[in-house]
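Right, one structure below, let's go through it.
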Amino acid sequence: MADKLKPDWAGEDFLSRCVNRLIESKPLYRLMKNQARQVLIKTATKNGIPWKEDCRNLEKSEVKSLLEEITNPNITYPDYYLVPFHAYDEGNLCWQAAFEADSATQSMALRVWKGENLTPEAAQNRLRGGFHQILDNYSPTVVKDILDVGCSVGVSTLALHRYYKQKQQNTLVRTVGLDLSPQMLAVAKVKDEKQEISQWVHGLAEKTDFSDNSFDVVTLQFVLHELPSFASQGIFTEILRILRPGGVLGIVDNNPASPVIQNLPPALFVLMKSTEPWSDDYYTFDVESTLTQVGFDYKTTIASDPRHRTIIALKKA
Ligand SMILES: C[S@@+](CC[C@H](N)C(=O)[O-])C[C@H]1O[C@@H](n2cnc3c(N)ncnc32)[C@H](O)[C@@H]1O
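Counting along the sequence shown from 1, when you hit position 263 you're at 633 in this note's numbering, and nothing is skipped either side.
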């Protein structure tokens with residue numbers, strides 16, 4: 371673990387402020403964004419991720435016809451969600467982002483163990499496996515109801531569901547995925563071919579329609595780095611309400627204290643900051659204190675892989 375708590379390229383440091391000035395230039399941002407996209411797709415394809423094929427297959431599927439039934443018309447999108455994100459002008463609210471999300475998720479896992487020549491599947495299993503192990507150590511003895519908040523296209527949701535189902539062969543496990551993007555949820559539904567997930571819910575994580583005390587396990591996997599800290603705090607409060615006493619919240623996300631993250635090459639951190647607008651806020655956000663402040667029993671933070679940390683908190687029994 372590095373001595374520094376966060377990278378110099380995030381927050382109020384001189385380097386961070388220089389980066390922020392640089393990315394204010396719109397033409398430069400557009401150029402960088404397009405080049406980075408091409409590199410990302412090329413690298414993914416070279417590593418066995420069928421990026422373009424997956425998009426083509428989704429385009430041909432029934433996915434777009436699912437949008438209306440999935441969309442919750444009562445949702446008002448918060449301003450922080452309506453900004454360009456990950457090089458998509460409409461952020462997560464567009465088909466391109468949704469069609470590419472599975473491949474981008476596979477690429478993200480491969481990057482963690484770049485030198486090891488893993489297959490995309492092996493990397494994904496290792497990424498999720500490290501998190502599940504820690505989560506399991508703090509889970510109630512019997513887990514029946516699981517919620518994956520910010521489920522995107524369901525890669526995290528399916529892996530989580532299968533983990534608990536496999537572990538508790540005699541218990542019926544009901545898993546729900548919630549996301550604010552109806553396009554992501556439509557793709558999740560198509561990819562959930564065996565309908566293993568009970569429900570794909572279009573909802574705002576800060577204000578869900580779930581009853582009090584309705585889940586044993588709730589996860590936030592790679593969601594917080596996409597949010598301003600006030601939104602994360604609102605989500606923690608809502609999760610505390612819907613967890614059962616003794617239930618567990620598991621968070622996995624970029625680790626500000628990771629030497630790999632702190633020493634990213636300048637081109638990469640500039641790009642990351644330019645396509646993830648809440649980076650400064652995330653890398654300086656004290657997640658653990660905020661969990662305690664909203665009423666969780668904070669348990670631990672563990673570097674679950676070279677780039678990410680797992681944070682565990684319980685709802686007091
Ligand atoms: C990086 S993706 C998560 C990936 C997924 N959990 C995984 O581990 O593969 C972040 C997701 O959080 C969702 N999200 C962001 N803010 C949200 C909010 N306030 N309520 C619900 N979902 C939100 C986004 O739409 C996006 O799909």
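Every residue gets a Cβ at the ideal spot worked out from N, C-alpha and C, and that includes glycine. Keep in mind the model is a prediction, meaning the values are calculated, not measured.
- Nearest Cα to I605 within the set V618, L590, K434, K416: L590.
- In this structure the segment 488-497 does not touch the segment 437-452; the number of beta carbon pairs closer than 8 Å is below three.
- Pairing H572 with L597 gives a Cβ-Cβ distance that is not under 9 Å.
- One thing to note: V593 has its Cβ no nearer than 9 Å to the Cβ of G665.
- In this structure, DSSP gives G616 an extended state, which the three-state scheme calls strand.
- Looking at S628, Q632, A558, the one whose alpha-carbon comes closest to that of G524 is A558.
- The shortest CA-to-CA distance from I609 to any of L548, P636, A627, D650 is the one to L548.
- At a Cβ-Cβ threshold of 9 Å, F455 and T654 do not count as neighbours.
- Distances from the alpha-carbon of P615 to those of N390, R426, D586, M642 put D586 closest.
- Where W570 is concerned, the enclosing beta strand (DSSP E) starts and stops at 569-572.
- Cβ contact annotation for I567 (same chain, cutoff 8 Å, sequence separation greater than five): G524, T527, L528, H531, T545, V546, G547, A558, in chain order.
- A673: not part of any alpha helix (DSSP H); member of the beta strand (DSSP E) spanning 667-673, first to last residue.
- The criterion of a C-beta distance shorter than 9 Å is not satisfied by L542 and L619.
- DSSP places G524 outside both helix and strand once states are collapsed to three, so it counts as coil.
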